[in-house]
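Residue numbers (this note's numbering): 78 to 226.
The beta-carbon is built from N, C-alpha and C at its ideal position, and this holds for glycine as well.
Fair warning: this is a prediction, and the values are worked out from it, not measured in the lab.
First up is the structure itself, then whatever we jot down about it.
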Amino acid sequence: MDAEAGATLGVRTEVDGFKLAASATARREIDPVPGSDATSLDLAASVARKIGRVTPTLSIVYSPDDLGSTKRSVYIEGGASYAISKQLSASAAIGRRNRVVGADYTAWSAGLTWTPVKQLALDARYYDTNGGSQWPYQARFVVGGSFKF
Numbered sequence: 078m079d080a081e082a083g084a085t086l087g088v089r090t091e092v093d094g095f096k097l098a099a100s101a102t103a104r105r106e107i108d109p110v111p112g113s114d115a116t117s118l119d120l121a122a123s124v125a126r127k128i129g130r131v132t133p134t135l136s137i138v139y140s141p142d143d144l145g146s147t148k149r150s151v152y153i154e155g156g157a158s159y160a161i162s163k164q165l166s167a168s169a170a171i172g173r174r175n176r177v178v179g180a181d182y183t184a185w186s187a188g189l190t191w192t193p194v195k196q197l198a199l200d201a202r203y204y205d206t207n208g209g210s211q212w213p214y215q216a217r218f219v220v221g222g223s224f225k226f
């Protein structure tokens with residue numbers, strides 16, 4: 078099985094129009110390869126600012142000891158979303174992951190988010206990397222949602 082679970086604790090705030098977020102996520106592989114590192118801690122931070130219909134975002138995720146054989150890992154991503162209407166937005170992002178004892182890669186995504194009501198968001202997104210056909214992170218289309226209460 079190739080799966081993991083995690084618990085996240087974070088904070089979000091807004092300062093002078095800038096949306097700031099920080100979080101810590103404890104992750105655990107469900108069925109790890111014997112002898113590999115099955116737990117990790119991810120520390121993340123992001124900043125975004127709405128400018129008209131466009132919201133640029135910059136984020137970073139740091140893991141001092143990532144899952145598996147990978148040691149330190151840093152992922153930096155920049156992107157933007159564009160409000161097509163009050164309920165529909167399009168977004169794209171590109172990022173770079175650098176690892177110690179692991180493959181480095183560039184990743185990108187593009188998609189649409191529909192928010193029919195303030196508490197509900199539905200997202201359809203395409204993800205890909207610069208990895209070849211043997212690469213474990215293949216291109217994929219993902220549909221997801223979130224509910225705030």
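Beta-carbon gap between residue i and residue j smaller than 9 angstroms
{"i": "residue 101", "j": "residue 120", "result": "yes"}
{"i": "residue 110", "j": "residue 149", "result": "no"}
{"i": "residue 169", "j": "residue 179", "result": "no"}
{"i": "residue 198", "j": "residue 220", "result": "no"}
{"i": "residue 125", "j": "residue 96", "result": "yes"}
{"i": "residue 107", "j": "residue 84", "result": "no"}
Cβ-based burial, residue i [other Cβ within 10 Å; buried from 16]
{"i": "residue 78", "result": "Legend: pLDDT at residue 78 = 46, less than 50; position of this residue unreliable, value from coordinates given subsequently. Result: exposed."}
{"i": "residue 143", "result": "buried"}
Short CB-CB distance (under 9 angstroms) between residue i and chain B
{"i": "residue 219", "result": "No chain B is part of this structure, which consists of one protein chain only."}
Proximity winner among the options, relative to residue i (alpha-carbon distances)
{"i": "residue 133", "options": "108, 214, 225, 159", "result": "159"}
{"i": "residue 206", "options": "194, 223, 187, 192", "result": "187"}
Range of the contiguous beta strand (DSSP E) that encloses residue i
{"i": "residue 136", "result": "131–140"}
{"i": "residue 193", "result": "182–194"}
{"i": "residue 104", "result": "95–106"}
{"i": "residue 171", "result": "165–176"}
{"i": "residue 153", "result": "150–160"}
{"i": "residue 125", "result": "116–126"}
Residue i Cβ short of 8 angstroms to the ligand FMN heavy atom set
{"i": "residue 82", "result": "Because no ligand of any kind appears in the structure shown, any question about the ligand FMN cannot be addressed here."}
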